[in-house]
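4 protein chains.
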Amino acid sequence: MSSEGARVWIVPDGFIPERSTGGLESHEAICVLNPSRSDARISLTFYFEDREPVRGEGVVVPAERTRHLRTDRPEEVGGAEVPRGVPYAVRVESDVPVVVQHSRMDTGQEALALMSVLGHPVER
Amino acid sequence: MSSEGARVWIVPDGFIPERSTGGLESHEAICVLNPSRSDARISLTFYFEDREPVRGEGVVVPAERTRHLRTDRPEEVGGAEVPRGVPYAVRVESDVPVVVQHSRMDTGQEALALMSVLGHPVER
Amino acid sequence: MSSEGARVWIVPDGFIPERSTGGLESHEAICVLNPSRSDARISLTFYFEDREPVRGEGVVVPAERTRHLRTDRPEEVGGAEVPRGVPYAVRVESDVPVVVQHSRMDTGQEALALMSVLGHPVER
Amino acid sequence: MSSEGARVWIVPDGFIPERSTGGLESHEAICVLNPSRSDARISLTFYFEDREPVRGEGVVVPAERTRHLRTDRPEEVGGAEVPRGVPYAVRVESDVPVVVQHSRMDTGQEALALMSVLGHPVER
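One line per chain: the protein sequences are A, B, C and D, in this order. Quick note: the first sequence uses the UniProt record's numbering, first residue 1, plus one each step. Quick note: the second sequence uses the UniProt record's numbering, first residue 1, plus one each step. Quick note: the third sequence uses the UniProt record's numbering, first residue 1, plus one each step. Quick note: the fourth sequence uses the UniProt record's numbering, first residue 1, plus one each step.
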């Protein structure tokens, strides 16, 4: 089962909404499943429109566990600071194959909206 | 037509919202199409952030039928209990090729939101 | 450019909501792009949970055109009658490669929700 | 890293909603990540139901940058005019591999809705 997934995933549309309404905070999560029997060590590269990429390092997803990493919490994405209200893209690299999905909750305007995509798998 | 789809599918972002408003209940569904001429016998593995995986067994999707399995109903997912309000991921394994999509309805904050992804196909 | 896309696409999660609020009607669309220089002739197979599949035939997507086919309008899906409020799945088959995306607008509970997936490509 | 992504991407379901409510304008964005070390030069072909395709040319996504291109702003999509309220599809072609995601925000009916798909990759 160790070869399920890919080592590199890319998600082009990242954007943490600035505003929230109601009790649910606008946020995004990079959802990783590690179905293998080995822990996965993950690094993240955040790309922007007008500045150099920013790296987050040393995120661990244990064997047979999932982690849903909030991009607005630097401690969950290896120390990277991702500003709100700014378009970004993200590349996820793992030392063992994983599967990556990216989801957004936007409560910026009464009620809430969700969107989600599986990343684009690159290296198998 | 028996080779359309894949035997293993992975969806990293599972989360059954705790709250519902209005007449529609927050829920998720694992939607399976079996386009083949043979019944499909399906097992599900649910992965969590901080506990061992949970298995559901013996779900049948008949030949040339679809089933939309509610993850909050153990009787629809082979007996697995998936708690609300907890991040999870799911791996679907079938004995014949199928196609898997995962959708969420969230009515946790006035109005409703939907999200949906096709799973990541692993073994063909 | 005639090989861009696939001849068979599958979408497991179909569901035309029964209720609508406001001015926008709940609906789904099967969005097809034919980027080739030849007209595409398309047939659709709708699968259900508890009845035989239903076929729609003879839908044409002209060369270098897109069509967004409403599943609640039999005249747009080759004569197939897809009931509201019933889970279904759909398989799209074309005589030339096309690209297929499936989207839902749900206005069943104040405000509106959208979801969309690219189909699962089968034969290239 | 120059081979991550694809040179051609297709998104069948484009539609810029005509109405907006609240402070957020209904819009779509073609989100491109160029993870390579070379600038990407991009052309876009917009397909319609009842008219000839329209081209946009000369969009640049610099090396290691993302751009989220609003389809309602001709200056962001190489000069192409995409009307609101009309179904379209889009094909993105790049001279270096990129990754393409397409997202819609619809605020046409109180509250907001989001949908997003990764494009269908064609040439690697």
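Ideal Cβ positions, reconstructed from N, Cα and C, are used throughout, including at glycine.
{"Asked": "The segment 98 to 111 of chain D: which residues have C-beta closer than 8 Å to a C-beta of chain C, in chain order?", "Found": "104, 106, 108, 109, 110 and 111"}
{"Asked": "Pick out whichever of D:44, D:59 and D:63 has its Cα sitting closest to the Cα of residue 11 (chain D).", "Found": "D:44"}
{"Asked": "With a 10 Å radius around its C-beta and 16 neighbouring C-beta atoms as the bar for buried, classify residue 125 (chain B) as buried or exposed.", "Found": "Past the edges of chain B, shown from 1 to 124, lies residue 125 (chain B), and the structure says nothing about it."}
{"Asked": "Helix, strand or coil for residue 4 (chain A), going by three-state DSSP, please let me know.", "Found": "coil"}
{"Asked": "Could you work out which residues of chain D lie near residue 135 (chain C), taking near to mean beta carbons separated by less than 7 Å?", "Found": "The requested residue 135 (chain C) is not part of the displayed model; chain C covers only 1 to 124."}
{"Asked": "Starting from residue 122 (chain C), find everything on chain B with Cβ-Cβ shorter than 7 Å and list it in chain order.", "Found": "4"}
{"Asked": "Please say whether residue 93 (chain B) and residue 37 (chain B) have beta carbons closer to each other than 9 Å?", "Found": "no"}
{"Asked": "Grouping DSSP H, G and I as helix and E and B as strand, with all else coil, what is residue 74 (chain C)?", "Found": "helix"}
{"Asked": "Quick check: the Cα distance between residue 73 (chain C) and residue 116 (chain B), rounded to an integer number of angstroms?", "Found": "23 Å"}
{"Asked": "Are the C-beta atoms of residue 60 (chain C) and some chain D residue less than 9 Å apart?", "Found": "no"}
{"Asked": "What residues of chain A sit near residue 10 (chain B), judged by a beta carbon separation below 8 Å?", "Found": "4, 5, 33, 35 and 99"}
{"Asked": "Is it the case that the Cβ atoms of residue 15 (chain D) and residue 27 (chain C) are separated by a distance below 9 Å?", "Found": "no"}
{"Asked": "Let me confirm a value: residue 5 (chain D) is counted as buried when at least 16 other C-beta atoms fall within 10 Å, else exposed. Which label applies?", "Found": "buried"}
{"Asked": "Name the chain A residues whose beta carbon is nearer than 7 Å to that of residue 91 (chain B)?", "Found": "35"}
{"Asked": "In whole angstroms, give me the CA-to-CA distance for residue 25 (chain C) and residue 96 (chain A).", "Found": "46 Å"}
{"Asked": "Below 6 Å CB to CB, which residues in the same chain sit around residue 100 (chain D) once its five sequence neighbours on both sides are set aside?", "Found": "9, 32, 92 and 119"}
{"Asked": "Which residues in the same chain as residue 114 (chain B) place their Cβ atom closer than 6 Å to its Cβ, once the five residues preceding and following it in sequence are excluded?", "Found": "105"}
{"Asked": "Between which two residues does the beta strand (DSSP E) carrying residue 32 (chain A) extend?", "Found": "27 to 34"}
{"Asked": "Give the range of the beta strand (DSSP E) segment to which residue 46 (chain C) is assigned.", "Found": "40 to 48"}
{"Asked": "Mind checking which residues open and close the beta strand (DSSP E) that includes residue 116 (chain C)?", "Found": "113 to 118"}
{"Asked": "Taking the alpha-carbon positions, what's the residue 86 (chain A) to residue 75 (chain A) distance?", "Found": "19 Å"}
{"Asked": "Hey, how far is the Cα of residue 46 (chain D) from the Cα of residue 89 (chain D)?", "Found": "6 Å"}
{"Asked": "Any idea which residues DSSP pairs residue 121 (chain D) with across the strands?", "Found": "D:9"}
{"Asked": "Taking only three categories from DSSP, how would you classify residue 109 (chain A)?", "Found": "coil"}
{"Asked": "Within the same chain, show all residues whose beta-carbon is closer than 7 Å to that of residue 110 (chain A), passing over the 5 residues directly before and after it, in chain order.", "Found": "21"}
{"Asked": "Could you check which residue in D:49, D:122, D:62 and D:19 has the C-alpha nearest to that of residue 34 (chain D)?", "Found": "D:62"}
{"Asked": "Taking Cβ positions only, does residue 85 (chain C) come closer than 9 Å to chain D?", "Found": "no"}
{"Asked": "Quick check on the burial criterion: 16 or more other C-beta atoms within 10 angstroms. Buried or exposed for residue 103 (chain D)?", "Found": "buried"}
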